[in-house]
Amino acid sequence: MEQYEKKGYLNSEFKLFHLTDQESHEIEYHYHDFDKITIFIKGTVNYMVEGKSYELKPYDIVLVKHNDIHRLSVDASTVYERIIVYISPGFMNAYKTDSYDLSFCFQRAVKEHSNVLRIPSLEKSSLFKAILRLEKSFLDDGYAAELYRQVLFLEFMIHLNRAAAKNHLEFIDTDNCNAKIVQILQYINEHLDGNLAIDALARHFYISKYHMMRQFKQETGYTIGNYITQKRLLLAKELILSGVPGTQACFDCGYHDYSTFSRAYRGLFGESCRETQTLS
60 MEQYEKKGYL NSEFKLFHLT DQESHEIEYH YHDFDKITIF IKGTVNYMVE GKSYELKPYD
120 IVLVKHNDIH RLSVDASTVY ERIIVYISPG FMNAYKTDSY DLSFCFQRAV KEHSNVLRIP
180 SLEKSSLFKA ILRLEKSFLD DGYAAELYRQ VLFLEFMIHL NRAAAKNHLE FIDTDNCNAK
240 IVQILQYINE HLDGNLAIDA LARHFYISKY HMMRQFKQET GYTIGNYITQ KRLLLAKELI
300 LSGVPGTQAC FDCGYHDYST FSRAYRGLFG ESCRETQTLS
């Protein structure tokens, strides 16, 4: 079975990379188990997230939450520069209260059906200054350096969430997408515990199932069945890591037979549900 590849590993609460290169990138669809923020500085890049496509402009902020299927295409004729931040969802959850949630920017992106935040004159803003201070702090090995980095990270996230909360117009529309396939993708992700049979999806969206399957493959590179399977298993792992028993996670992510679920789970993650539980 075709699978989306997991890329990148995060062994700390957050990481920051400031990268500059000039080479062609055709990165296939993949996912991460951490949240990712990319501040695009320069280059010619097309970013695709869950069926939506964006032609980036300098200082766009790309928000990709954990388990989002995404890919990018980079034109080698120009220098590609970006700042990337990897964030553990658990680390942000540790600071969640009734009054604020550091993952708000990712939630707002979902609500606005857009993964790109475009802020006028970002390079002159307090938000951009905050990310530069955070970047510089990784060279600091002075007293309480790790704590200082955490403080600067929190400052950056506060500025980012304030920007995301300010005005929905900051989130840009996609440049090119198949609206019907985007609707199907959203429906699948909202109903992973329900009936997602091909015939049921076709009836729900009033579309020929064969046309739907062709369009889905064309837009995402994968079959509907493979996409649903992967998304269900990613949800199951997230549930198990949060403390949900494997048997319950099986049914909560749409499986009706535990042995089938268990085989698929091990096939994707290379470990059993019980082994995953030891990490939670």
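For what it's worth, our numbering labels the leading residue of the sequence shown as 60, then goes sequentially.
Where is the CB? At the ideal position from N, CA and C, for every residue including glycine.
For residue i, is the classification buried or exposed, using 16 other Cβ atoms within 10 angstroms of its Cβ as the cut-off for buried?
{"i": "P148", "result": "buried"}
{"i": "K155", "result": "exposed"}
{"i": "G305", "result": "buried"}
{"i": "F73", "result": "buried"}
{"i": "Y269", "result": "exposed"}
{"i": "T233", "result": "buried"}
{"i": "E109", "result": "buried"}
Going straight from the alpha carbon of residue i to that of residue j, what length do you get?
{"i": "E278", "j": "E140", "result": "27 Å"}
{"i": "T335", "j": "M151", "result": "21 Å"}
{"i": "K188", "j": "T137", "result": "25 Å"}
{"i": "M107", "j": "I299", "result": "28 Å"}
{"i": "E182", "j": "D200", "result": "27 Å"}
{"i": "R130", "j": "Q289", "result": "16 Å"}
{"i": "Y340", "j": "L191", "result": "For residue 340 there is no data in the structure shown, the boundaries of the chain being 60 and 339."}
{"i": "I120", "j": "T97", "result": "6 Å"}
{"i": "V303", "j": "H315", "result": "17 Å"}
{"i": "R273", "j": "L198", "result": "50 Å"}
{"i": "Y88", "j": "K101", "result": "22 Å"}
{"i": "F99", "j": "S318", "result": "44 Å"}
{"i": "T337", "j": "C312", "result": "20 Å"}
{"i": "F320", "j": "S331", "result": "10 Å"}
Which partner residues of residue i appear in the DSSP bridge assignment?
{"i": "N105", "result": "E114, S132"}
{"i": "T97", "result": "V121, I143"}
{"i": "T79", "result": "E140"}
{"i": "L176", "result": "I120, F230"}
{"i": "K287", "result": "The sequence given here has Ile at residue 287, not Lys. None; I287 has no bridge partner."}
{"i": "F73", "result": "I146"}
{"i": "H84", "result": "V133"}
For the putative contact between residue i and residue j, defined by C-beta atoms under 8 Å, what is the C-beta separation to the nearest angstrom?
{"i": "L292", "j": "A323", "result": "6 Å"}
{"i": "I283", "j": "F275", "result": "5 Å"}
{"i": "A222", "j": "F163", "result": "Their Cβ separation, rounded to whole angstroms, is 11 Å, which puts A222 and F163 out of contact at 8 Å."}
Looking at the C-beta of residue i, does it have a partner C-beta in chain B at a distance below 8 Å?
{"i": "F310", "result": "In summary, chain B is missing from the structure at hand, where a single protein chain is found."}
### Query
Which runs of the beta strand (DSSP E), 3 residues or longer, sit entirely within the region 192–228?
none
### Task
Taking only runs that begin and end inside the region 232–265, name each unbroken alpha helix (DSSP H) of 4 or more residues, in chain order.
Counting only runs of 4 or more residues that sit fully inside the region 232–265, the alpha helix (DSSP H) segments are 238–249, 257–263, in chain order.
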